[in-house]
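Visitor: Under this note's numbering, think of the first position of the sequence shown as 53, with each following residue one higher.
All residues carry an ideal CB built from backbone N, CA and C; glycine is no exception.
Predicted, not measured: the structure shown is a model, and the values here were computed from it.
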Amino acid sequence: MINRKKNIAKKYRKGLIPEELLEEINNDIDTYLSEKSKENKKKIEEMIHERINLGLEIRFTEQYIIRTIASIYS
């Protein structure tokens with residue numbers, strides 16, 4: 053077990069990632085992005101609902117949307 057951890061650490065230092073770990077990392081990323089997407093959708097719905105309750109117009113400029121999405125995933 054210890055040798056395996058050392059081998060993985062060496063491969064990381066060389067810039068190599070084991071295939072099994074790569075798949076696990078990708079699955080974790082997909083799960084994270086899915087959860088973030090649900091969270092962001094909820095926040096947007098709350099913002100829209102609040103603006104409607106205040107009698108305000110709901111308009112988002114293209115630049116605002118691009119900046120918001122970029123900040124979420126950066």
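I think residue 134 touches residue 69, with their Cβ atoms under 8 angstroms apart; what is that distance to the nearest whole Å?
Guide: The structure shown does not extend to residue 134, since the chain is modelled only from 53 through 126, so no value can be given for it.
Visitor: Would DSSP call residue 111 helix, strand or coil?
Guide: coil
Visitor: Go through its chain and collect everything with a Cβ distance to residue 83's Cβ below 8 angstroms, but skip five positions before and after it.
Guide: none
Visitor: Using the three-state DSSP reduction, which class does residue 104 fall into: helix, strand or coil?
Guide: helix
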